[in-house]
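*Asks:*
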Amino acid sequence: MTEINFAGERHALAPDETVLECLERTAHALPFSCRNGACLTCMMRVRAGTLPEAAQAGLREGQKQQGYFLPCVCRPDADLEIEAPADAELFGRAMVSEITHLSASICRLRLRTATPLFYHAGQFINLRRGDGLVRSYSLASVPRLEDILELHVKRLGGGKMSNWIYNDLAVGEALDIHGPNGDCYYIGGEPDRPLLLIGNGSGLAPLYGILRDALADGHAGPIHLYHGSRTAKGLYYGDELQALAREYRHFHYLPCLSGTVDEAGPEPGVQRGRADAAAFADHPDLSGWRVYLCGYPPMVQTAKKRAFLAGAALRDILTDSFEMQDVRRLPRD
Amino acid sequence: MSESLFQRIGGAAAVDAAVDVFYRKVLTDPHVMHFFDTTDMDGQRAKQISFLTMAFGGPHEYTGMDLRIAHAPLVLDGLNDSHFDRVAGHLQATLEELKVDEASIAEVMAIAGSTRDDVLNR
Ligand SMILES: Cc1cc2nc3c(=O)[nH]c(=O)nc-3n(C[C@H](O)[C@H](O)[C@H](O)COP(=O)(O)OP(=O)(O)OC[C@H]3O[C@@H](n4cnc5c(N)ncnc54)[C@H](O)[C@@H]3O)c2cc1C
Ligand code: HEM
Ligand code: FES
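If you're matching them up, the sequences are chains A and B in order.
With the first sequence counted from 1, adding 5 to any position gets you my numbering.
With the second sequence counted from 1, adding 264 to any position gets you my numbering.
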């Protein structure tokens, strides 16, 4: 039988149980969001014992070496002694410097940190509210272009953090932030590679950062950005992206509408259908391409397979999947 | 000492070159694709690196028992000789595409063939 030792208590793991589930069963309230190894909200540290590989799959080399792991995807084969990381190890402070509503469901949140954060555009940070609620948001800002951190938050029906940010958070308030994390960002040194960027909704956030990072880096190969939305208003940043497409002839902006046409009728230059479908129809052969897939997890998953089968190498398909808390798996109150 | 099979084929770099080619083949073959279709493509890729390293005569720690255990759930799902032959065929085609010499291909196929009873849990 495998045991975990946490805060001086020993707990036997039930068959197939994760460390997170075991701690919840034994009345420890740990922070979590995706429960799928994607958001790093639940991160803990091992003091003794051998971790299964999967428990560290999404972490950076440095984090792995320091013994960090993700209890939501950790099913240990051997006894573990674990601890919650000290708060100061992970979290720093940031101040809200701007909130702009870009559409009826998406807002832009700009933050300032006391000391600069070293990150790549397209990585994500975790925001923590005063009551301890943590959620991940991807960076649309580019360190070499701007000092502020920019996030795009999509408000979801019943969503706790996103509605609070959209409706209640105000300029001047402070938040705790943890990051940067994730490996979905522009990789320099191969300026001629064609890039395919596909995102829906606020999945544009990391892509907007990656795109501008690539252009600022002098990327010379073609860049195709497909942004999908169900409504015309969800195609935010259209003017900015069109301006970039005029300035850089090798950048192509392809907005796609998948819902029913708004009363105003279809916008000029907007394609009908899903962004991923349009992208794969336009680019059937992706050998040698680098592909970025961001946003709605089922889209990211199917598009990853399609991009691979269209010839992209698996390591050249970078994803930022907005895994959400699965409300069906939460205890009911 | 003469070069080992693994070194002759090109070692870890050859495995790396082969894995995407091989994975694309099994994922598009209607006869076996359901065994390989997963939400965790990177995890699946890592397992295929293990598979190819082993078949290429490279360093690995799998015993016959490990292969039995790894494939036991697939056998319950109907894995049989016909699937084994298809996967072996994709392995051979991958090596041919990568222009591996015939003698080395024959050696790889012999290693793969020797695992048949373990993979099929017989
Ligand atoms: C790596 C990563 C990057 C991300 N980047 C971004 C980003 O850049 N922009 C962005 O907008 N999001 C991003 N997300 C998603 C984000 O972290 C949050 O999951 C999202 O904002 C929802 O959080 P929430 O607290 O508002 O919703 P939660 O309260 O966690 O609810 C989650 C889901 O359940 C539904 N729900 C909640 N309560 C109910 C209820 N009572 N009945 C029915 N359904 C309910 C909500 O509609 C929502 O779909 C990212 C996620 C990850 C993992
Ligand atoms: C040709 C001989 C074969 C060899 C030497 C072999 C070897 C391996 C190895 C080493 C692993 C990794 C095990 C692990 O690390 O967990 C593996 C996993 C796997 N093999 Fe094979 N294999 C063979 C044939 C097949 C065939 C015929 C199929 C199906 C048609 C198949 C399907 C799989 C699958 C789906 C996995 C992943 C299982 C999981 O997700 O745990 N293999 N194989
Ligand atoms: S990584 Fe564990 S809850 Fe998201």
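Beta carbons: idealized from backbone N, C-alpha and C, even for Gly.
1) Ignoring anything shorter than 4 residues, give me the alpha helix (DSSP H) runs that lie fully in the segment 289-329 of chain B, in order along the chain.
2) What first and last residue would you give for the alpha helix (DSSP H) that runs through ALA286/A?
3) When you check each C-beta in the segment 34-53 of chain A against every C-beta of chain B, which residues fall closer than 7 Å?
4) Answer yes or no: the CB of SER143/A versus the heavy atoms of ligand 3, is any distance below 7 Å?
5) Which residue's Cα is closest to the Cα of LEU25/A: GLY243/A, LEU212/A and CYS79/A?
6) What first and last residue would you give for the beta strand (DSSP E) that runs through ALA238/A?
7) Going by the beta-carbon positions, is the gap between PHE320/B and VAL383/B smaller than 8 Å?
8) Taking a Cβ distance cut-off of 7 Å, strictly less, list which residues of the segment 314-333 of chain A are near chain B, in chain order.
9) Can you tell which of THR379/B, GLU267/B and LEU362/B has its C-alpha closest to the C-alpha of ASP284/B?
10) Between the beta-carbon of TYR231/A and the beta-carbon of ALA312/A, is there less than 8 Å?
11) What did DSSP end up calling ILE233/A once you bin it into helix, strand or coil?
12) What I want to know is whether the C-beta of HIS335/B ends up closer than 7 Å to one or more non-hydrogen atoms of ligand 2.
13) Spell out whether any CB of chain D is found under 8 Å from the CB atom of ASP284/B.
14) Straight-line CA distance for TYR190/A to ILE228/A?
15) For the alpha helix (DSSP H) that LEU269/B lies in, which residues bound it at each end?
16) What residues from the segment 281-311 of chain A come within 9 Å of chain B, judged by C-beta to C-beta, listed N to C?
17) At 9 Å on the CB atoms, spell out the chain A contacts of MET305/B, in chain order.
18) Collect the residues with a C-beta less than 6 Å away from any heavy atom of ligand 2 and give them in sequence order along the chain.
19) Following a CB-centred definition, is ARG40/A positioned closer than 7 Å to any heavy atom of ligand 1?
20) If we count the other Cβ atoms within 10 Å of its Cβ and call it buried at 16 or more, is THR55/A buried or exposed?
21) Determine which residues of the segment 288-302 of chain B have a Cβ less than 7 Å from any Cβ of chain A, and write them out in chain order.
22) For a cutoff of 8 Å on Cβ pairs, would you count ARG409/B as touching chain A?
23) Taking C-beta to C-beta, are GLY97/A and ILE153/A nearer than 8 Å?
24) Under 8 Å by Cβ, that's how I've got LEU212/A and LEU220/A pegged, so tell me the actual separation to the nearest angstrom.
25) Only counting the same chain, and skipping five residues up and downstream in sequence, which positions put a Cβ closer than 8 Å to that of GLY377/B?
26) Please state whether the Cβ-Cβ distance between VAL176/A and GLU103/A is less than 8 Å.
27) Considering just the uninterrupted stretch of the beta strand (DSSP E) at TYR191/A, what are its terminal residues?
28) I'd like to confirm the pairing. Which residues does DSSP put opposite HIS16/A in its beta bridges?
29) Tell me whether the segment 285-303 of chain B and the segment 48-68 of chain A touch, counting them as touching only if at least three CB pairs, one residue from each stretch, are closer than 8 Å.
30) So is the beta-carbon of THR46/A under 7 Å away from any non-hydrogen atom of ligand 3?
31) Would you report the Cα separation of LEU291/B and GLU151/A, rounded to the nearest angstrom?
32) On the criterion of 16 or more Cβ atoms from any shown chain inside 10 Å, does ARG340/A qualify as buried, or is it exposed?
*Replies:* Considering the structure as presented:
1) You should have 297-300 and 305-319.
2) Segment 280-287, the alpha helix (DSSP H) holding ALA286/A.
3) Of all residues in the segment 34-53 of chain A, none is placed with a Cβ closer than 7 Å to any Cβ belonging to chain B.
4) No, the Cβ of SER143/A stays beyond 7 Å of every heavy atom of ligand 3.
5) Selected option, being the one with the closest Cα: CYS79/A.
6) Correcting the residue identity first, residue 238/A is Lys in this sequence and not Ala. Unbroken run through LYS238/A: none, as it is neither H nor E.
7) No, the Cβ-Cβ distance between PHE320/B and VAL383/B is not below 8 Å.
8) Residues passing the 7 Å Cβ filter: LEU314, ALA318 and LEU319.
9) The shortest Cα separation from ASP284/B among THR379/B, GLU267/B and LEU362/B belongs to LEU362/B.
10) No.
11) First, the amino acid is wrong: residue 233/A is Gly here, not Ile. When DSSP states are grouped into helix, strand and coil, GLY233/A belongs to the strand group.
12) Look at HIS335/B: its beta carbon is less than 7 Å from one of the heavy atoms in ligand 2.
13) Among the protein chains of the structure shown, namely A and B, there is no chain D.
14) Cα to Cα, TYR190/A sits roughly 14 Å from ILE228/A.
15) LEU269/B: member of the alpha helix (DSSP H) spanning 269-273, first to last residue.
16) Per Cβ criterion, the list reads GLN306, LYS309 and LYS310.
17) Listed along the chain, the chain A residues whose CB falls inside 9 Å of the CB of MET305/B are GLN306, LYS309, LYS310, PHE313, LEU319 and ILE322.
18) The set of residues whose C-beta lies within less than 6 Å of a heavy atom of ligand 2 reads, in chain order, VAL296/B, PHE299/B, PHE300/B, LYS311/B, SER314/B, PHE315/B, MET318/B, ALA319/B, TYR326/B, LEU331/B, ALA334/B, HIS335/B, LEU338/B, LEU343/B, HIS347/B, PHE348/B, VAL351/B, ALA352/B, ALA376/B, THR379/B and VAL383/B.
19) Between ligand 1 and the CB of ARG40/A, the shortest heavy atom gap is not smaller than 7 Å.
20) With fewer than 16 Cβ atoms within 10 Å of its Cβ, THR55/A is classed as exposed.
21) Cβ contacts with chain A: ARG288, LEU291 and THR292.
22) Because residue 409/B is not part of the residues shown, which for chain B are 265 to 386, the question remains open.
23) The Cβ-Cβ distance between GLY97/A and ILE153/A does not fall below 8 Å.
24) That pair is no contact at about 12 Å.
25) Excluding sequence neighbours, GLY377/B sits near ALA352.
26) For VAL176/A and GLU103/A, yes; Cβs fall inside 8 Å.
27) In the DSSP assignment, TYR191/A falls outside any beta strand (DSSP E) and carries neither an H nor an E.
28) Note: HIS16/A sits in a beta bridge opposite ILE9/A.
29) With the cut-off at 8 Å, the segment 285-303 of chain B and the segment 48-68 of chain A do not touch.
30) Yes, ligand 3 has a heavy atom inside 7 Å of this Cβ.
31) If you take the alpha carbons of LEU291/B and GLU151/A, they lie about 43 Å apart.
32) Residue 340/A cannot be examined here, being either before or after the span of chain A that is shown, 6 to 338.
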